[in-house]
Amino acid sequence: MTIIEIEVIFDFVCAWCYIGKRKLDHAISLYQKTYPDGKNDTFSIAWKLYYLHYNTQPHSVDNSEVAKVRLSDMSPERQAALTQWMEQIGRSFSVNFKWGGKIGPDTRDAHRLVRLSRSKDASVQSSLIDGLFAACHELEQDISDIEILQMLRLALLAARVFQLFLIQGVHRLDDAQDPSDFYEAFVTVKEAEPTQGI
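Just so we're aligned: 73 in full-length UniProt numbering is position 73 of the sequence shown, and the numbers increase by one with no gaps anywhere.
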């Protein structure tokens with residue numbers, strides 16, 4: 001078993017960081033499904049914060065106001081093309097960008113929540129990060145708002161209901177597995193079945 005260590009330097013307000021997270025998840029899944037014994041390897045991901053400070057105000061502001069400032073050097077046509085391009089790339093990774101909502105002065109508390117989740121299973125931290133990105137970029141929520149962070153935390157705790165699938169009493173699949181994992185277990189059972197002569 002190999003441990004593959006990855007450091008990710010990011011901020012939640014960065015749309016490219018969200019796409020990058022989805023690309024990384026996809027690459028890890030692909031590796032574990034296709035590389036010989038890849039499913040036995042472990043990925044250790046360290047999430048390191050980087051504050052982008054898109055909002056320079058001491059309070060939350062509309063995302064549209066931040067976009068006006070950040071994209072002020074682009075023509076309206078170029079801004080529209082960039083938005084369309086981002087939406088197209090997002091859709092290819094099941095991200096449906098929405099550009100409304102508010103953005104707070106920083107993402108410090110969201111990063112604190114991620115840091116606190118380090119003591120949990122890696123999938124818990126990954127789910128939390130996915131939830132924070134989705135809240136910011138798809139649900140148009142202000143992730144500097146403590147109430148939003150509390151709701152995300154509670155939703156994550158509620159979703160962590162343990163599930164266990166035992167196939168033939170031997171093959172163990174935890175929680176929400178990929179359908180290909182079930183398929184692989186079914187094939188293993190089928191191939192282990194003694195052939196019956198006529």
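The C-beta atom is built at its ideal place from N, Cα and C for all residues, glycine as well.
Fair warning: this is a prediction, and the values are worked out from it, not measured in the lab.
Pull up the distance between the alpha-carbon of SER63 and that of GLU140, whole angstroms please.
The question names Ser, yet the displayed sequence has Asn at residue 63. Straight-line Cα distance between these residues: approximately 9 Å.
Is the beta carbon of MET86 less than 8 Å from the beta carbon of ALA15?
Yes, the Cβ-Cβ distance between MET86 and ALA15 is below 8 Å.
Taking LEU132 as the reference, which of ILE6, PHE10, PRO179, ARG172 has the closest Cα?
When each option's Cα is compared against that of LEU132, the closest is PHE10.
Could you give the residue range of the alpha helix (DSSP H) that holds SER180?
Residues 179-192.
Indicate the three-state DSSP secondary structure (helix, strand or coil) for ILE129 in the structure shown.
It is helical.
Assigned secondary structure, TRP16 (DSSP; H/G/I helix, E/B strand, else coil):
If DSSP states are grouped into helix, strand and coil, TRP16 belongs with the helices.
Straight-line gap, VAL114 to PHE186 (C-alpha atoms, nearest Å):
Distance between the alpha carbons of VAL114 and PHE186: 36 Å.
Mind checking THR188: buried by the 16 CB within 10 Å criterion, or exposed?
Label assigned to THR188: exposed.
Can the beta-carbon of MET1 be found closer than 8 Å to that of THR34?
No. Outside cutoff.
Measure how close the beta-carbons of ILE143 and GLY104 come, nearest whole angstrom, since I'm counting them as under 8 Å.
About 7 Å separates the beta carbon of ILE143 from that of GLY104, a gap short enough to meet the 8 Å contact definition.
Have a look at PRO19 and THR56 and give me their C-alpha separation to the nearest angstrom.
Correcting the residue identity first, residue 19 is Ile in this sequence and not Pro. Going from the Cα of ILE19 to the Cα of THR56 covers about 24 Å.
Could you tell me which whole beta strand (DSSP E) segments of length 3 or greater appear in the UniProt domain "DSBA-like thioredoxin" (6-153)?
If we require 3 residues or more, the beta strand (DSSP E) runs fully inside the UniProt domain "DSBA-like thioredoxin" (6-153) come out as 42-49.
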